[in-house]
Amino acid sequence: MRRAFLTNIILLAAANLLIKPFYLFGIERKVQFLLGNEAYGYYYNLFNFTLILQFIGDFGLQNYTLRLLSQHRSQTANLVGAMNGLKIALTLIYFLLTLLMAWIWYGSTLDAGFIFHLAFNQVLISLIFFLRAQIAGLGFYKTDSLLSVSDRLILIFSLGCLIYLPGLTDLLTVATFVWVQTFSLGLVTLFCILFIAGKGIKFFPLKVDFNAWINAFRFCVPFALIYFTNALFSKADSIWLQRLLPDGQSEAGIYAYCYRFYDALCIISLSFGGLLLPMFARLHQDDQRRQLLLKASMNMLWIISVILGLGCFFFSGEIQKYVTKDMTEHSQRIIGWLALSFIPGSINYIFGAFFQATHRERLLYRIYAGVAVLSIILNYIFIPHWKGEGSALVCMISQSILLLISSVFIWEEIRRIGIQFFRWMIFSLLTAGIMYVVQKSSWGDLSFRLFILFVSLPCLAYLTGVLRPSDIREWIADTNK
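The opening position of the sequence shown corresponds to residue 4 in our numbering, with each subsequent residue numbered one higher.
Dropping the structure here:
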């Protein structure tokens with residue numbers, strides 16, 4: 004992989020690490036505080052409902068279009084026309100099925116206009132990804148990187164004005180919040196269209212090319228099923244809470260607040276996954292270098308996820324005090340379980356990228372489907388008894404079982420690279436013990452104790468043999484080849 008491409012991905016990850024946490028805690032958290040848990044829970048529930056069904060409108064076209072345009076740039080005009088035609092057809096199907104499924108699921112309580120608006124925003128999100136795939140496929144990687152965070156930047160400015168400027172706070176409602184999202188997504192979509200058109204590519208006339216559509220479906224079906232089955236066990240929690248509890252909307256709002264911490268942690272894992280997928284794909288035929296990359300990435304992400312996950316688990320109460328005054332033991336326990344979920348979930352991002360890069364998509368979506376079924380069953384058992392805590396516990400169980408099953412299917416790869424799980428467990432147990440002692444102690448304020456931990460724990464990783472400088476040097480050297 005060329006250094007320029009790798010640098011671009013790292014810059015993209017860095018931008019997301021800066022902008023997305025600020026949006027989650029500086030903007031979105033404040034919006035929820037002003038709207039209230041029940042109103043925000045209503046929005047969050049319907050948002051996730053439209054998100055889960057979005058696999059219909061996207062159907063893996065982003066990956067397919069990127070690959071197609073990268074390999075056949077001389078046929079750009081024909082390919083864009085055919086793919087745009089297919090995208091519009093899938094979007095219409097998505098709207099119809101979303102409204103139908105929402106009517107079946109929510110019955111007479113359904114606000115059809117509101118869910119249509121949320122579905123429209125999902126279409127804009129999907130369209131942005133689709134257009135960005137065209138831009139990246141044409142070789143404009145820096146533009147694609149800027150577009151990846153542009154909608155959040157617009158939201159930060161627009162919502163920031165509403166929630167922080169005197170006199171404008173009263174204008175904020177759930178409907179206003181969704182309209183501001185539409186404004187942000189619409190601007191980014193318009194820019195993408197103008198940029199592509201400025202390169203001489205015409206969107207019209209749209210082409211109904213059944214041969215191209217059939218080829219696209221053959222390629223995209225596994226990716227669409229991966230998205231759908233993954234969303235079923237990772238994004239459906241609020242839907243089950245609303246369905247199974249009499250105060251479901253309020254509980255969904257509390258869960259959304261807690262899940263924001265999990266989302267912030269997962270930015271790191273997603274960045275790793277985005278970095279590793281093209282690298283694994285490039286090394287598909289080179290077993291030795293692929294195994295080296297897998298080993299280095301697993302060790303590094305395990306260290307990061309254990310430190311951050313256990314840190315949020317043991318210091319969830321202290322962290323909440325810095326974020327909000329509305330702190331309860333209930334929300335603290337939800338955050339704790341979700342923080343523990345982040346540890347196996349991080350390695351699952353690596354395994355997901357590895358399965359896709361080595362063309363085992365069908366196996367991956369079957370594993371996801373099994374975990375999704377288990378997650379649904381456990382939610383029906385746990386939520387009536389423990390509410391949001393039960394949902395968070397299901398998340399941890401699901402991610403742990405997913406890690407176990409995935410490890411079984413690539414055990415031969417893991418065995419060959421020499422991952423020493425005993426060292427992993429020693430490091431994890433010692434980290435948990437140190438964090439427990441520090442959390443119970445009275446050594447200075449929270450920032451000082453966290454500083455001590457985040458300086459000493461990497462040293463512990465080195466002493467236990469989980470972190471090996473030679474692995475990092477070899478990985479960095481490999482990326483420059």
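All C-beta atoms, glycine included, are put in the ideal place defined by N, C-alpha and C.
Everything numeric in this text was worked out from a predicted model, so none of it was measured.
Query, Result
"Inter-stretch contact at 8 angstroms, needing at least 3 Cβ pairs: the segment 378 to 387 / the segment 255 to 272", "no"
"Burial state of R365 (16 or more Cβ within 10 Å)", "exposed"
"Sub-8 angstroms separation of S394 and W243 beta-carbons", "yes"
"Cβ separation of C489 and F317, assumed to be a contact under 8 angstroms, to the nearest whole Å", "Because the chain here runs from 4 to 484, residue 489 falls outside it and cannot be looked at."
"C-alpha distance - W431 paired with V309, whole-angstrom precision", "One detail in the question is off: residue 431 reads as Ser in this sequence, not Trp. Answer to the nearest angstrom: the Cα atoms are 7 angstroms apart."
"Terminal residues of the alpha helix (DSSP H) in which H388 lies", "364 to 412"
"Whole-angstrom C-beta distance between C195 and L141, which should lie under 8 angstroms", "L141 to C195, Cβ: 12 angstroms. No contact."
"Whole-angstrom C-beta distance between Y67 and C223, which should lie under 8 angstroms", "5 angstroms"
"Pairwise C-alpha distance: V374 and G421", "27 angstroms"
"Test item: CB-CB of F275 and I353 under 8 angstroms", "yes"
"Helix, strand or coil at W291 [DSSP, three-state]", "Per the sequence shown, the amino acid found at residue 291 is Gln instead of Trp. In the structure shown, Q291 sits in a helix (DSSP, three-state: H, G or I)."
"Cβ-based burial, Q423 [other Cβ within 10 Å; buried from 16]", "exposed"
"C-beta atoms of L490 and T192 nearer than 8 angstroms", "What is shown of the chain runs 4 to 484, which leaves residue 490 out entirely."
"Three-way DSSP call (helix, strand, coil) for G170 in this model", "coil"
"Three-state class that DSSP yields for P249 in the structure shown", "coil"
"For F451 and L470, the rounded distance between their alpha carbons", "24 angstroms"
"Stretch-stretch touch, CB-based, cutoff 8 angstroms, three pairs: the segment 54 to 63 with the segment 225 to 245", "yes"
"Cβ-Cβ distance between I400 and F357 below 8 angstroms", "no"
"Whole-angstrom distance between V177 and S410, CA atom to CA atom", "42 angstroms"
"Secondary structure of A239, DSSP reduced to three states", "coil"
"Coil, strand or helix - R3 by DSSP", "Absent from the structure is residue 3, since the part of the chain shown begins at 4 and ends at 484."
"L188 beta carbon less than 8 angstroms from that of N124", "yes"
"Beta-carbon proximity of N351 to L304, cut-off 8 angstroms", "no"
"Proximity of E392 and W340 at Cβ, strictly below 8 angstroms", "yes"
"Rounded straight-line distance, which links the Cα of F283 to that of R293", "6 angstroms"
"Reduced DSSP secondary structure (H/G/I, E/B, other) of G203", "coil"
"Straight-line Cα distance separating N214 from R221", "11 angstroms"
"Cβ pair Q252, Y45 closer than 8 angstroms", "yes"
"A464 to L171 span [Cα, whole Å]", "49 angstroms"
"A200 and L89 closer than 8 angstroms at C-beta", "no"
"Complete runs of the beta strand (DSSP E) confined to the segment 412 to 462 [at least 3 residues]", "none"
"Contacting residues, own chain, Cβ-Cβ under 8 angstroms from F25 (five flanking each side not counted)", "I159"
"Segment limits, alpha helix (DSSP H) that includes Y352", "332 to 360"
"Backbone CA spacing between M4 and I138 [nearest angstrom]", "Note that M4 scores 46 on pLDDT, short of 50, meaning its location in the model is unreliable; the coordinates nonetheless yield the value given after this. In a straight line, the C-alpha of M4 is about 20 angstroms away from that of I138."
"Counted within 10 angstroms of its Cβ, other Cβ atoms place Q1 as buried (16 or more) or exposed", "Lying before the first or after the last residue shown, residue 1 is absent from the chain, which here runs from 4 to 484."
"Cα-Cα separation, V440 to L466", "20 angstroms"
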